[in-house]
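Numbering (my numbering), first residue to last: 203 to 467.
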Amino acid sequence: QSVFQVGGNTGAAMGPLLAAAIVVPFGLSHIIWFALLALAGIFILWKIGRWYKANLFLKEKKKATGIKIEGPVSHRKTVISIIILLALIFSKYFYLASINNYYTFFLIDKFHVSVQGSQVHLFLFLLAVASGVMIGGPLGDRFGRKYVIWFSILGVAPFTLMLPYANLFWTSVLSFIIGTVLSSAFPAIIVYAQELLPGKLGMISGLFYGLAFGMGGIGSAVLGVLADKTSIYFVFQVCAFLPLIGLLAGFLPRIEKRRVKEAVS
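Shown next as structure tokens:
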């Protein structure tokens with residue numbers, strides 16, 4: 203899961219850096235050169251799609267049928283756990299929306315940095331996000347996904363609460379820590395949800411990825427309206443409390459422990 207996500211997050215991190223190096227000094231017309239990368243991506247995905255289609259039929263023939271896979275916990279606990287995970291996705295991506303869309307304006311307004319300088323700071327944050335995604339999966343495998351989810355969402359709260367009041371140096375440091383820690387939760391959340399509902403990987407992936415992107419879009423609009431009515435600074439003060447929703451992770455069952463007991467018995 204982490205390896206799958208890190209490519210997209212690394213590409214997103216390169217966006218502000220390319221904007222600072224190419225778009226800001228040379229103008230918006232130079233964005234067209236980035237289309238070459240998109241065309242290359244389309245070609246690569248087309249080749250991968252053909253390979254996957256050819257191999258899918260072979261796997262379908264080997265797949266067992268008529269086997270019902272039971273989840274590790276009761277139906278009631280599964281429903282509650284999924285609702286908690288969706289709430290955590292809400293808090294994570296609403297906060298990320300505040301950074302992705304308004305961090306540069308926050309830096310320009312509060313510290314009077316240049317547009318290029320603000321883009322470099324955003325690049326560092328997004329690079330931290332890519333790093334966090336990469337380490338989140340292995341940490342979940344080693345220590346248990348529940349604890350990684352709990353630490354990633356709730357553990358970042360002290361740093362988000364300090365961010366609006368820090369100077370420029372510590373704002374950069376805190377934003378890097380926030381990006382790394384907060385993003386490490388998503389791979390663990392996806393795999394945890396897939397383990398709650400085995401055999402429904404497509405449904406879980408669609409639900410959580412769809413909600414993640416949806417929350418990002420809704421968060422951008424809602425926070426934009428709030429910023430217009432108040433200020434960018436106030437938006438960051440309000441969003442600083444969102445990671446406290448991570449307290450809900452304490453109610454998630456530890457399903458790794460149950461799987462070990464079942465394997466022993």
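Note that the Cβ used here is the ideal one computed from N, Cα and C, for glycine as well.
Next on the checklist: Between which two residues does the alpha helix (DSSP H) holding Asn-369 run?
Outcome noted: First-last for Asn-369: undefined, no H or E at that position.
Item to check | Secondary structure of Phe-443, DSSP reduced to three states | outcome: Reduced to three states, the DSSP call for Phe-443 is coil.
Checklist entry - For the putative contact between Phe-361 and Ile-380, defined by C-beta atoms under 8 Å, what is the C-beta separation to the nearest angstrom? => result About 5 Å separates the Cβ atoms of Phe-361 and Ile-380, confirming a contact at the 8 Å cut-off.
Checklist entry - Rounded to the nearest angstrom, how far is the Cβ of Gly-357 from that of Pro-389, given a contact under 8 Å? => result Separation of the CB atoms of Gly-357 and Pro-389 is rounded to 16 Å, and the pair is thereby denied contact status at 8 Å.
Next on the checklist: Please report the straight-line C-alpha distance between Leu-219 and Gly-213, rounded to a whole angstrom.
Outcome noted: Rounded to the nearest whole angstrom, the CA to CA distance from Leu-219 to Gly-213 is 10 Å.
Checklist entry - In three-state DSSP terms, what is Val-275? => result Taken through DSSP and simplified to helix, strand or coil, Val-275 comes out as coil.
Item to check | Euclidean distance between Cα positions of Leu-159 and Ser-320 | outcome: Outside the shown range of the chain, which is 203 to 467, sits residue 159, and nothing can be said about it.
Checklist entry - Alpha carbon to alpha carbon, how far is Leu-449 from Leu-324? => result Rounded to whole angstroms, Leu-449 to Leu-324 spans 28 Å at the Cα level.
Item to check | Collapsed DSSP secondary structure at His-314 in the structure displayed | outcome: Residue state for His-314 is assigned as coil, using DSSP reduced to three classes.
Checklist entry - What are the boundary residues of the alpha helix (DSSP H) that includes Val-427? => result Counted as a single uninterrupted DSSP element, the alpha helix (DSSP H) harbouring Val-427 occupies residues 403-431.
Next on the checklist: Quick check on Val-317: buried or exposed, where buried means 16 or more other Cβ atoms within 10 Å of its Cβ?
Outcome noted: Flag for Val-317 reads exposed.
Next on the checklist: In this structure, how does DSSP classify Pro-455 when only helix, strand and coil are distinguished?
Outcome noted: Note: Pro-455 maps to coil in three-state DSSP.
Checklist entry - Buried or exposed: Ala-266, going by 16 or more other Cβ atoms within 10 Å of its Cβ? => result Per-residue confidence for Ala-266 stands at a pLDDT of 49, beneath the threshold of 50, marking its modelled position as unreliable; no derived number is given.
Item to check | Buried/exposed call for Phe-308, threshold 16 Cβ in 10 Å | outcome: By the neighbour-count rule (16 or more Cβ atoms within 10 Å), Phe-308 is buried.
Next on the checklist: Using C-beta distances below 6 Å, list every residue in its chain close to Lys-348, excluding the 5 sequence neighbours before and after it, in chain order.
Outcome noted: The residues are Leu-454 and Arg-456.
Next on the checklist: According to DSSP, simplified to helix, strand and coil, what is Gly-338?
Outcome noted: Correct three-state label for Gly-338: helix.
Checklist entry - At a cut of 8 Å, does the stretch 270-290 reach the stretch 322-337 through at least three beta carbon pairs? => result They do not touch, by the three-pair rule.
Next on the checklist: Do Asn-302 and Leu-425 count as a contact pair if the criterion is CB distance below 8 Å?
Outcome noted: Not in contact: Leu-425 and Asn-302 (Cβ atoms no closer than 8 Å).
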